[in-house]
Amino acid sequence: MLKLNIPSYKMIEIKNLIFDYNGTLAKDGLVKDTTKNKLNKLSEKVNIYVLTADTFNNAKKNLKDTNVNLHIISKENGTNDKGDFIKELGNKDSIAIGNGNNDIEMIKNVELGICILGDEGCSTFTMINSDLVIKNIDDCLDLFINPKRLIATLRK
Ligand SMILES: [Mg+2]
Numbered sequence: 023m024l025k026l027n028i029p030s031y032k033m034i035e036i037k038n039l040i041f042d043y044n045g046t047l048a049k050d051g052l053v054k055d056t057t058k059n060k061l062n063k064l065s066e067k068v069n070i071y072v073l074t075a076d077t078f079n080n081a082k083k084n085l086k087d088t089n090v091n092l093h094i095i096s097k098e099n100g101t102n103d104k105g106d107f108i109k110e111l112g113n114k115d116s117i118a119i120g121n122g123n124n125d126i127e128m129i130k131n132v133e134l135g136i137c138i139l140g141d142e143g144c145s146t147f148t149m150i151n152s153d154l155v156i157k158n159i160d161d162c163l164d165l166f167i168n169p170k171r172l173i174a175t176l177r178k
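For the sequence shown, the working numbering begins at 23 and goes up steadily by one.
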């Protein structure tokens, strides 16, 4: 559980972090070791889910050293698949992190939606529906490891 009390914004208790894969956790289908280490550290506090259409067919192999739950979604209907996954899991207990157009339903429907700009860019549609935009995944994961940074940005 990750408790975030963000003054004049919201008080949230997070059980789940849900990530898009390509362009968010991975670049060209690969996840950096620094990212894997931060995911494993966070997995001591929260459940971590990765939702991907697995474009490069290598997500399982690349995430084998991590404590994440991998879910393969459809290539044709990814937006709804991701949105449905969040609804089943519990949108009040979750933070979603993504970069693409097909992340919109998950980012819009959780307590905190985060858009990663990354090296592959992000959808402007998803960006304007997010609570926060972060330039890369490792900086994003550091926000959960050091929540005061996140609170400082979002307090009103
Ligand atoms: Mg993506």
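Idealized CB from N, CA, C, for every residue including glycine.
* Provide the residue(s) that pair with residue 71 in DSSP beta bridges, ordered along the chain. => 40, 91
* **Integer Cβ distance of residue 138 from residue 151, believed to fall under 8 Å** => With a Cβ gap of about 14 Å, residue 138 and residue 151 do not count as contacting.
* Asked: Between residue 37 and residue 164, what straight-line distance do the alpha-carbon atoms span, to the nearest angstrom?
  -> 17 Å
* Which of the three DSSP states, helix, strand or coil, is assigned to residue 32? -> strand
* **Any non-hydrogen atom of ligand 1 within 6 Å of residue 135 CB** => no
* Asked: Do residue 256 and residue 159 have their C-beta atoms within less than 7 Å of each other?
  -> This structure leaves residue 256 out entirely; the chain is present only between 23 and 178.
* Would the C-beta of residue 122 count as close to ligand 1, meaning under 6 Å from any of its heavy atoms? -> yes
* To do: Answer with buried or exposed for residue 147, where buried requires no fewer than 16 other C-beta atoms within 10 angstroms of its C-beta.
  => exposed
* Mind checking whether residue 71 and residue 117 have CB atoms under 7 Å apart? -> no
* Asked: Under 7 Å, do residue 67 and residue 134 count as touching if we go by C-beta distance?
  -> no
* Buried or exposed: residue 42, going by 16 or more other Cβ atoms within 10 Å of its Cβ? -> buried
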